[in-house]
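Under the working numbering, the first residue of the sequence shown carries the number 11, and numbering increases by one thereafter.
For glycine and all other residues, C-beta sits at the position ideal for the given N, C-alpha and C.
Keep in mind the model is a prediction, meaning the values are calculated, not measured.
Have a look at the structure below, then the notes.
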Amino acid sequence: MFQTFCEGGIVTDEKDQAPERLVPVEQNSEDAVEDADASAVVDPGRFGRVAQGARAAVAPDSVPGEGKSRRPGRAVIALVLVVVLVGCIAAAATYGAELWGGKSVPYVVGTPQETASGKIRAKGLAVKVATVASDDPEGTVVRTSPASGTRAQVGSTVTIYVAKARVVPKVSGLQLGEAKKALRKAGAKNFSIAYVASGAADGSVVATEPAEGATFQASDTITIKVARPYTVPYVVGKTEADARAAVAEAGLTASVTYVKSDEDAQTVVAADPAPGTTIEQGATVTLQVSAPYPSDYHHLREYFNYKTHVTEFLKGEGFQLASSSTGDGGVARVLYTSADKGNVTVTDTPFSHSFPKGTGTADVLASGAALAGIRLDFASADLPANASSLDAAAVRQLADACGFTGMSQTLTQDQVVVPSNLRKSSAQFVCAYGEMGDYCWSVLIVRDADRTRATATCAPKSLYDAYDLGKFNNSICDMIACVDVYG
11 MFQTFCEGGI VTDEKDQAPE RLVPVEQNSE DAVEDADASA VVDPGRFGRV AQGARAAVAP
71 DSVPGEGKSR RPGRAVIALV LVVVLVGCIA AAATYGAELW GGKSVPYVVG TPQETASGKI
131 RAKGLAVKVA TVASDDPEGT VVRTSPASGT RAQVGSTVTI YVAKARVVPK VSGLQLGEAK
191 KALRKAGAKN FSIAYVASGA ADGSVVATEP AEGATFQASD TITIKVARPY TVPYVVGKTE
251 ADARAAVAEA GLTASVTYVK SDEDAQTVVA ADPAPGTTIE QGATVTLQVS APYPSDYHHL
311 REYFNYKTHV TEFLKGEGFQ LASSSTGDGG VARVLYTSAD KGNVTVTDTP FSHSFPKGTG
371 TADVLASGAA LAGIRLDFAS ADLPANASSL DAAAVRQLAD ACGFTGMSQT LTQDQVVVPS
431 NLRKSSAQFV CAYGEMGDYC WSVLIVRDAD RTRATATCAP KSLYDAYDLG KFNNSICDMI
491 ACVDVYG
């Protein structure tokens, strides 16, 4: 038999009567792939045409040395992996335990400086302290550098920034923009501007509120006071009191001159120098004020509106203060006399023609004494031509001169009811009575022998509540006439 030997097997001649049996390959297919040295079935056609009927030989059941060359390699790889894993775990554990790689900066924000320093030094780190303006409680840590959690080498320095109060810096003398910049640097965020009269350079800062050196929070509003020249304020139309206050606030001095005006009493009608004028600090501004006086000295009802100014008003009208005192309850008792305008009496008994003249001359009304009632004894020159005839028209003429309205009663000597304690005389009279709100008034013309006189009174109606009007026919008019004429 002719045989041809080929790689990996034997090829027999096709003439052989009994071909050799095929032996199954025992090798694991997976091992064949993994092991490059393993034997495999070889394609017979690789070496040329094979005789008809020939079969490919198979690899032997085992390859000498195959198992020994593969299994030890896998074990080594597994061992290496285990070693690496254990090493990683050990490295992580020791790093976390800070056995290498430095120490973690501890979190100390919000703690007192001493506490924070102790925690950092316990890590083997050095401490440097710096202060920073903050709204946090003074002496507590605001932040650290490096930040908490950062790894730092043992012995390296950690800076802790400790809070200190924000303080208003010195900005006086700076221009507004520069002052704001300095305040912002100090931590201020909110500002208000107030312009104040000052001798400092126009537009420069003269003060702050809170003041320089005061502590503040970043959310606080800082008022910046900026200088402007001393200028007469706009006070025309203001009340005297408000105008005086405005002038004083402007750093100036107010002087008041009362003038007659159609404006309401005590209203500023002009100022000298004029509003808006730039003047020196402390200079005088003269305020022209609508007189806080009665429109006429006859207008008795108006006296009650200006009681503290009655004396100066009557002096301006030519009257002299002849007597001044106070009675029970602090009521004023003052007599003003004039050579040609009659007499004005401030009293709590205006219905009586008698007056207890004193020696004092102090202005008790200006000092706050109460004005209970007022009486005007007309000058002879003021009497109407028909006054001696006791004509009702004469009474009405005098009432008009006094600005009285609301006349409700007239009375003569023939109608009056005289109480038993008074003796009726031969005097004749005519009396008119009226009411103006809470006030009542009277005008009385008396003719006694060859003399004629006239009187006007005004008082709160409540003044007569203290008297027994039953004796006077329950009439204030009767009481006034009886007491004045027969009292």
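- T467 and V245 have their C-alpha atoms spaced approximately 38 Å apart.
- Boundaries of the alpha helix (DSSP H) harbouring V405: A402 to A411, taken from the DSSP string.
- According to DSSP, residue pairing for V236 in a beta bridge involves Y205 and V215.
- When DSSP states are grouped into helix, strand and coil, K351 belongs to the coil group.
- By the Cβ test, the segment 395 to 411 is not in contact with the segment 282 to 300, since fewer than three Cβ pairs between them sit closer than 8 Å.
- Between L375 and V354, the gap from beta carbon to beta carbon reaches 8 Å or more.
- Of the residues assessed, C98 falls on the exposed side of the cut-off, its CB having fewer than 16 other CB atoms within 10 angstroms.
- The closest CA to that of V216, considering only G223, A189 and K199, is found on A189.
- Per the C-alpha coordinates, the member of Q423, P82 and L386 positioned closest to Y313 is L386.
- The DSSP-derived three-state label of Y443 is strand.
- Residue pairing by DSSP places A280 opposite Q298 in a beta bridge.
- Setting aside the 5 residues that flank it on each side, I232 is surrounded in the same chain by V178, L193, A198, N200, F201, S202, T218, E219, P220 and F226, each with a C-beta closer than 8 Å to its C-beta; the list follows chain order.
- The beta carbons of R131 and V137 sit about 6 Å from each other, so the pair counts as a contact at 8 Å.
- Here the alpha carbons of R176 and K129 stand approximately 27 Å from one another.
- Two segments are said to touch when three or more pairs of C-beta atoms, one from each, lie closer than 8 Å; by this definition the segment 316 to 324 does not touch the segment 420 to 437.
- Boundaries around Y449 are those of the beta strand (DSSP E), Y449 to D458, since no alpha helix (DSSP H) includes it.
- Going by beta carbons, L421 and D488 fall inside the 8 Å limit.
- According to DSSP, residue pairing for S265 in a beta bridge involves T296.
- Of the other Cβ atoms in all chains shown, 16 or more fall within 10 Å of the Cβ of R254; this residue is therefore buried.
- Three or more beta-carbon pairs drawn from the segment 435 to 443 and the segment 453 to 460 are found closer than 8 Å, and the two stretches are therefore classed as touching.
- The beta carbon of A260 is closer than 6 Å to those of A207 and P243 in its chain, skipping five residues each way along the sequence.
- Here the C-alpha atom of S127 lies approximately 41 Å from the C-alpha atom of G187.
- With fewer than three CB-CB distances shorter than 8 Å, the segment 409 to 423 does not count as touching the segment 376 to 385.
- According to DSSP, residue pairing for M417 in a beta bridge involves G444.
- It is roughly 39 Å from the alpha-carbon of V269 to the alpha-carbon of A476.
- Comparing alpha-carbon positions, the option among R343, G337 and G339 lying closest to L331 turns out to be R343.
- Shown here, K481 sits in a helix according to DSSP, grouped into three states.
- Your pair D460 and H363 does not check out as a contact, with CB atoms roughly 18 Å apart and the cut at 8 Å.
- Boundaries of the beta strand (DSSP E) around I170: T167 to K174.
- If the five residues before and after D282 are omitted, its C-beta is found closer than 6 Å to the C-beta atoms of T296, all from its own chain and listed in chain order.
- Per DSSP, S127 is one residue of the alpha helix (DSSP H) stretching across Q123 to R131.
- The alpha-carbon separation between G120 and V151 amounts to approximately 5 Å.
- By the neighbour-count criterion, in which a residue is buried when 16 or more other Cβ atoms sit within 10 angstroms of its Cβ, Q163 is exposed.
- Beyond the five residues adjoining it in sequence on each side, A173 comes within less than 6 Å, by CB distance, of S144, D146, E148, T150 and V152 in the same chain, given in chain order.
- As DSSP reads the structure, Q330 sits in a beta bridge with T347.
- In this structure, G247 lies near V278, with their beta-carbon atoms less than 8 Å apart.
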